[in-house]
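Enquirer:
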Amino acid sequence: MTTPVVGIDIGGTKTAAALVDRGGQVVERREVPTPARSGPGAVLDAAARLATDLLGVAAGPVGVGTAGTVDPATGGIRYATDSLPGWTGTPVADALAARLGRPVLVTNDVNAAALGECWAGAGRERAHVLLVAVGTGLGGAVVRNGRVEAGARGAAGEVGHLPAPGAERLRCGCGRYGHLEAIASGSGLAAAYSIETGTRVTGRAVADRAAAGDRVAQRVVERAGTVLGATLAGLVALLDPEAVLVAGGAAGALLPAASVAYSAELPAGWAGVPLLPATLGADAVVVGAARLVMDIRDIERTNG
Numbered sequence: 451m452t453t454p455v456v457g458i459d460i461g462g463t464k465t466a467a468a469l470v471d472r473g474g475q476v477v478e479r480r481e482v483p484t485p486a487r488s489g490p491g492a493v494l495d496a497a498a499r500l501a502t503d504l505l506g507v508a509a510g511p512v513g514v515g516t517a518g519t520v521d522p523a524t525g526g527i528r529y530a531t532d533s534l535p536g537w538t539g540t541p542v543a544d545a546l547a548a549r550l551g552r553p554v555l556v557t558n559d560v561n562a563a564a565l566g567e568c569w570a571g572a573g574r575e576r577a578h579v580l581l582v583a584v585g586t587g588l589g590g591a592v593v594r595n596g597r598v599e600a601g602a603r604g605a606a607g608e609v610g611h612l613p614a615p616g617a618e619r620l621r622c623g624c625g626r627y628g629h630l631e632a633i634a635s636g637s638g639l640a641a642a643y644s645i646e647t648g649t650r651v652t653g654r655a656v657a658d659r660a661a662a663g664d665r666v667a668q669r670v671v672e673r674a675g676t677v678l679g680a681t682l683a684g685l686v687a688l689l690d691p692e693a694v695l696v697a698g699g700a701a702g703a704l705l706p707a708a709s710v711a712y713s714a715e716l717p718a719g720w721a722g723v724p725l726l727p728a729t730l731g732a733d734a735v736v737v738g739a740a741r742l743v744m745d746i747r748d749i750e751r752t753n754g
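The numbering used here puts the first residue of the sequence shown at 451, with every later residue one more than the last.
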């Protein structure tokens, strides 16, 4: 069996590292809370410590999926939100390579999740996929011919900043109002519920209240899911994927209404394109980061 590689997931809440085999299976996994408030150096140190424990039986470079927009040329962070204070400008690839003594390849965490799902999850054996990650915020990734479409700035697929009906009073993570992320995300659910009730709770709590029969929460969740599903149907006509995958902690709450709206709005020419829940869960990013490394190794073997 080919020697496994290490994939790292750096997020605002937790950082994980895993040993991933050639079949996309996680052999061993480590996780710690991300020391986000302690600054980029502490975050990189935590990631390096996790990876170091696994490197003894791993081959080649290390793959990383991280929050923020990643410069595809340098592996540094072009832009990041306050979930990782000071992360913008961090040279993740170079800094981790110095700590680990190995080359490091870096991509955005949603891009990594899409690679993971297309390799070993719900997008398996599909070459063209749109993945949307619905968590505290809303991210997206486009996979074409089995590879992530990075775009000119490494930020292709950011569907969260599309205009969305019903979001006019809701503030997006980018600071503007009226975007898809502002309504169809955990933070969007929380904000909409607060506007209607005056009560501040988390997006997860809104989903839980909806499941328990809270009529206001149900209305908020259904509205968000409907907007998400209709938007995804329009994106299918633009991007022509083989499937649309929905991942993330808020996905389960939004999928019922999203699926109805998606089916209703999907143009006839794309009627066979399914809307599917992602299946790798918390492992998606580490698996996709490992895939990033294996893709490069395969190219090097072919060219070498």
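Cβ coordinates follow ideal geometry from the N, Cα and C atoms, glycine included.
Per DSSP, which residues does Gly515 bridge with? Please list them.
Expert: DSSP lists Asp459, Thr557 as the bridge partner or partners of Gly515.
Enquirer: Using only the alpha-carbon positions, how far apart do Glu432 and Cys568 sit?
Expert: Residue 432 cannot be examined here, being either before or after the span of the chain that is shown, 451 to 754.
Enquirer: Pick from Met744, Pro691, Leu685: whose alpha carbon is nearest that of Glu715?
Expert: Leu685
Enquirer: Could you check if Ile645 is buried or exposed, using at least 16 other CB atoms within 10 Å of its CB as the buried criterion?
Expert: exposed
Enquirer: In terms of DSSP beta bridges, what is Thr465 paired with?
Expert: Ile460, Val482
Enquirer: With DSSP as the reference, label His578 as helix, strand or coil.
Expert: coil
Enquirer: Just the C-alpha distance for Gly525 and Val735, rounded to the nearest angstrom, thanks.
Expert: 16 Å
Enquirer: Could you give the distance in angstroms between the alpha-carbon of Gly539 and the alpha-carbon of Gly491?
Expert: 12 Å
Enquirer: If contacts are defined as beta-carbon pairs under 8 Å, then Ala697 and Ala728 qualify, I think. What distance do you get, rounded to the angstrom?
Expert: Confirmed, about 4 Å.
Enquirer: By Cβ distance below 6 Å, which residues in the same chain neighbour Ala572 in space, the five residues on each side in sequence not counted?
Expert: So the qualifying residues of the chain are Leu695, Leu726, Ala728, Thr729.
Enquirer: Between the alpha carbons of Arg665 and Arg499, how many angstroms are there, rounded?
Expert: 46 Å
Enquirer: Decide if Asp559 is buried, meaning its Cβ has at least 16 other Cβ atoms within 10 Å, or exposed.
Expert: buried
Enquirer: Considering only the alpha carbon of each residue, which of Leu588, Thr557, Thr452 lies closest to Asp471?
Expert: Closest option to Asp471, Cα to Cα, is Thr452.
Enquirer: Could you check how far apart the C-beta atoms of Glu478 and Ala466 are, in whole angstroms? I think they sit under 8 Å.
Expert: Incorrect: roughly 11 Å between the Cβ atoms, too far for contact.
Enquirer: Pull up the distance between the alpha-carbon of Arg603 and that of Gly663, whole angstroms please.
Expert: So the two alpha carbons sit approximately 44 Å from each other.
Enquirer: Within the chosen definition, does the segment 582 to 592 reach the segment 633 to 643 through at least 3 CB pairs nearer than 8 Å?
Expert: yes
Enquirer: Does the distance from the C-beta atom of Leu534 to that of Val493 stay below 8 Å?
Expert: yes
Enquirer: For Leu505, which residues of its own chain have a beta-carbon under 8 Å away from its beta-carbon, when the five flanking residues on both sides are left out?
Expert: Excluding positions up to five away in sequence, the list reads Val456, Val512, Leu550, Arg552.
Enquirer: In the structure shown, what three-state DSSP assignment does Leu534 receive?
Expert: coil
Enquirer: On the CB-based measure, 16 or more other CB atoms within 10 Å of its CB, does Tyr712 come out buried or exposed?
Expert: buried
Enquirer: Which residues does DSSP pair with Gly589 in a beta bridge?
Expert: Bridge partners of Gly589 according to DSSP: Ala583.
Enquirer: Closest to Val609 by CA distance: which of Val476, Asp658, His629, His578 is it?
Expert: Of Val476, Asp658, His629, His578, the smallest CA-CA separation from Val609 is found for His629.
Enquirer: Does DSSP put Pro522 in a helix, a strand or coil?
Expert: coil
Enquirer: To which residues does DSSP link Tyr627 through a beta bridge?
Expert: Arg621
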